[in-house]
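Here's the structure we're looking at; comments come further down.
Protein chains in written order, with my numbering: chain D, 1174 to 1452; chain U, 1174 to 1452.
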């Protein structure tokens, strides 16, 4: 796994952001150094990259060893261009030489039932989750493996923006849908490791508790506003409300504005028409 | 990160199973060495373990930085015993000193909307997936981090077996549900690294293809049957069919029998009654 150019100075990771010592564990350091990469060089990837990432994906846990997912490997520039159009025109999809699409897959399991002379009767919301979680765990392993190989990655949930068109483009049969995409390539620029919410907002001891929510959100909001992360990326206020663009526009306001309306409303009907039982 | 006893000889990993060279990359090696651990020693975990795992979890990508998940940390023996009962009585839940429950969480986002004076209008199947994928990616990072620290892990999808009771036990508010559990502890025995399906069944080039499905499933079926993995663990044939327990009982038959009937049928109604929009 050589890189065309020398790596930049060691990146910060989230343990350091929190003043924690990752105890010189290279795996923890790699995990905590993750930052999404949104600009790629066109350099081709080392031979065997796809297979290495696929083995990493397959090494994730899978419910009852069902392995209820598939990975569609997209490298053809014309197909990547179409995906770019279908995923909200994020240029990184054009730039990254490799785009992996992680697909929950019941088709293979239905085939196995037919092969053995049994009826597939497992369709349910839980089975949908089994396959979805399998695909997500596999995607995370592939992403981390790519980053450990010196590559940049970015997960693309916008692959669900136009689900019917993606099904057609990738010839996904009934029982298979596109959950997340993953851009992979040599970074043209390194993303910054973003702070996350204080652990007090995310970790709950024994039972769920809101006790620290106010404080944690206020703290994180100030941190993110001060970091200038939203400069030039402000979401318009919903419903045409006239709201002054306060200096305090931070994570809370950015997030709240994003959540004013539901998106991807056709996903359910597309999935139900495509072999998924969601009941 | 010290371990009470010396680690066993280096474990095989999936790259080696496939005759691939992981190129001496410690992260790829750790990923590919994953095997679920189903027996734990009672030894307490090193101080700071929960925080280290939580930072790893938070380092996973999250859709639009929404961080739509929470982690409930269960260590109390009485609560672990109740979870053991609710998750199909898998003894590893009793044995592992730490049980993490990864919960997709819209409650925090609804709070943020209220805080900012906006309406939360984002409920949809896609939002359910956003939170579910966020939680799954976080869980995978935590699991890998634990294994890199010399601990064993096992993901527990059976946390969805009795969703209403788990909501009550963990005091999960509306908009929060338990997606997967994660046992963490020092292994009493190492699991074997299980072979996965041939890549030809899982990887698709440019578009989805069944071309290699027959061959790949037949090959994997033979491999798994020969490995003796199903000895003493055969699933009864569905519908009371009398079927001889062939020597060829392998992955295909085991899998097909598991998929004869839907499980966890109440999940949808529980989630819909608990603040989740699935349309």
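C-beta: ideal position from N, C-alpha, C; glycine also.
I need the DSSP call for residue i, collapsed to helix, strand or coil.
i	result
residue 1373 (chain U)	helix
residue 1188 (chain D)	helix
residue 1347 (chain U)	coil
residue 1243 (chain U)	strand
residue 1324 (chain D)	coil
residue 1252 (chain D)	helix
residue 1408 (chain U)	coil
residue 1360 (chain D)	strand
residue 1448 (chain D)	coil
residue 1257 (chain U)	helix
residue 1355 (chain U)	strand
residue 1275 (chain D)	strand
residue 1329 (chain D)	strand
residue 1381 (chain D)	coil
residue 1393 (chain D)	helix
residue 1284 (chain D)	helix
residue 1176 (chain U)	Residue placement at residue 1176 (chain U) is flagged as unreliable, the pLDDT there being 45, under the threshold of 50; the coordinate-derived value follows with that caveat. Note: residue 1176 (chain U) maps to coil in three-state DSSP.
As a quick exercise: from the options, pick the residue whose alpha carbon is nearest that of residue i.
i	options	result
residue 1321 (chain D)	D:1285, D:1358 and D:1296	D:1358
residue 1355 (chain U)	U:1187, U:1214 and U:1270	U:1270
residue 1412 (chain U)	U:1428, U:1396, U:1434 and U:1421	U:1434
residue 1212 (chain D)	D:1326, D:1391, D:1366 and D:1452	D:1326
residue 1337 (chain D)	D:1193, D:1324 and D:1352	D:1352
residue 1190 (chain U)	D:1410, D:1231, D:1218 and D:1193	D:1231
residue 1317 (chain D)	D:1226, D:1198, D:1424 and D:1192	D:1226
residue 1391 (chain U)	U:1424, U:1443 and U:1206	U:1424
residue 1421 (chain D)	D:1401, D:1272 and D:1440	D:1401
residue 1289 (chain D)	U:1394, U:1368 and U:1344	U:1394
residue 1244 (chain D)	U:1407, U:1373, U:1443 and U:1396	U:1373
residue 1426 (chain U)	D:1287, D:1228 and D:1432	D:1287
residue 1344 (chain D)	U:1237, U:1297, U:1343 and U:1383	U:1383
Could you tell me the distance, in whole angstroms, from the CA atom of residue i to the CA atom of residue j?
i	j	result
residue 1268 (chain D)	residue 1268 (chain U)	48 angstroms
residue 1398 (chain U)	residue 1292 (chain D)	22 angstroms
residue 1366 (chain D)	residue 1375 (chain D)	18 angstroms
residue 1252 (chain D)	residue 1380 (chain U)	10 angstroms
residue 1403 (chain D)	residue 1302 (chain U)	25 angstroms
residue 1199 (chain U)	residue 1319 (chain U)	15 angstroms
residue 1282 (chain U)	residue 1239 (chain U)	8 angstroms
residue 1284 (chain U)	residue 1284 (chain D)	45 angstroms
residue 1334 (chain D)	residue 1437 (chain D)	6 angstroms
residue 1378 (chain D)	residue 1247 (chain U)	7 angstroms
residue 1324 (chain U)	residue 1265 (chain D)	37 angstroms
residue 1330 (chain D)	residue 1207 (chain D)	17 angstroms
residue 1220 (chain U)	residue 1197 (chain D)	16 angstroms
residue 1218 (chain U)	residue 1254 (chain U)	19 angstroms
residue 1148 (chain U)	residue 1256 (chain D)	Nothing can be reported for residue 1148 (chain U): it is not among the residues displayed for chain U, which extend from 1174 to 1452.
residue 1233 (chain D)	residue 1204 (chain U)	8 angstroms
residue 1370 (chain U)	residue 1209 (chain U)	17 angstroms
residue 1177 (chain D)	residue 1223 (chain D)	Residue confidence for residue 1177 (chain D) is low, a pLDDT of 48 falling below 50, so the modelled location carries little weight; the figure read from the coordinates is stated next. Approximately 18 angstroms, taken between the alpha carbons.
Ordered along the chain, which non-local residues of its own chain (more than five positions away) have a Cβ less than 7 angstroms from that of residue i?
i	result
residue 1447 (chain D)	1340, 1347 and 1350
residue 1242 (chain U)	1275, 1276, 1277, 1278, 1304, 1307, 1308 and 1311
residue 1361 (chain D)	1212, 1213 and 1214
residue 1249 (chain U)	none
residue 1386 (chain U)	1374
residue 1445 (chain U)	1451
List the residues of chain U whose Cβ lies closer than 8 angstroms to the Cβ of residue i, in chain order.
i	result
residue 1129 (chain D)	The structure shown does not extend to residue 1129 (chain D), since chain D is modelled only from 1174 through 1452, so no value can be given for it.
residue 1249 (chain D)	1379
residue 1266 (chain D)	Under the 8 angstroms cutoff, chain U gives no residues; its nearest Cβ is about 15 angstroms from residue 1266 (chain D).
residue 1284 (chain D)	1383, 1386 and 1390
Measuring only between beta-carbons, confirm whether residue i sits less than 7 angstroms from chain B.
i	result
residue 1339 (chain U)	Annotation note: the requested chain B is absent from the structure, which comprises protein chains D and U.
Would you mind telling me which residues of chain U sit closer than 7 angstroms to residue i, beta carbon to beta carbon, in chain order?
i	result
residue 1357 (chain D)	Here the premise fails: no neighbours, minimum Cβ distance about 13 angstroms.
residue 1188 (chain D)	1228
Can you pull the chain D neighbours of residue i, defined as C-beta to C-beta under 8 angstroms?
i	result
residue 1426 (chain U)	1289
residue 1325 (chain U)	Ordered by position in chain D, no residue passes the 8 angstroms Cβ test against residue 1325 (chain U), which lies about 12 angstroms from the chain.
residue 1240 (chain U)	1369, 1370 and 1375
residue 1346 (chain U)	1381 and 1383
residue 1351 (chain U)	What residue 1351 (chain U) touches in chain D: nothing, since even the nearest Cβ is about 10 angstroms away.
Would you mind telling me which residues of chain D sit closer than 7 angstroms to residue i, beta carbon to beta carbon, in chain order?
i	result
residue 1263 (chain U)	In chain order: nothing, as chain D lies at least about 12 angstroms away.
residue 1293 (chain U)	1432
residue 1236 (chain U)	1330
residue 1411 (chain U)	1291
Please list, in chain order, all residues of the same chain as residue i whose beta carbon is under 8 angstroms from its beta carbon, the five residues on each side excluded.
i	result
residue 1409 (chain U)	1430
residue 1194 (chain D)	1188
residue 1179 (chain D)	Because residue 1179 (chain D) sits at a pLDDT of 45, beneath the cut-off of 50, its placement in the model cannot be relied upon, and the following sentence gives the value as read from the coordinates. No residues qualify anywhere along the chain.
residue 1440 (chain U)	1333 and 1336
I want to verify the contact list: residues of chain U whose CB lies under 9 angstroms from the CB of residue i, in sequence order.
i	result
residue 1297 (chain D)	1435, 1436, 1437, 1438, 1440 and 1441
residue 1403 (chain D)	By Cβ distance, chain U contributes nothing, its closest Cβ being about 10 angstroms from residue 1403 (chain D), past 9 angstroms.
residue 1318 (chain D)	1198, 1200, 1201, 1204 and 1205
Spatial neighbours of residue i within its chain, please: CB distance less than 6 angstroms, with the 5 preceding and 5 following residues excluded, ordered by chain position.
i	result
residue 1328 (chain U)	1353 and 1355
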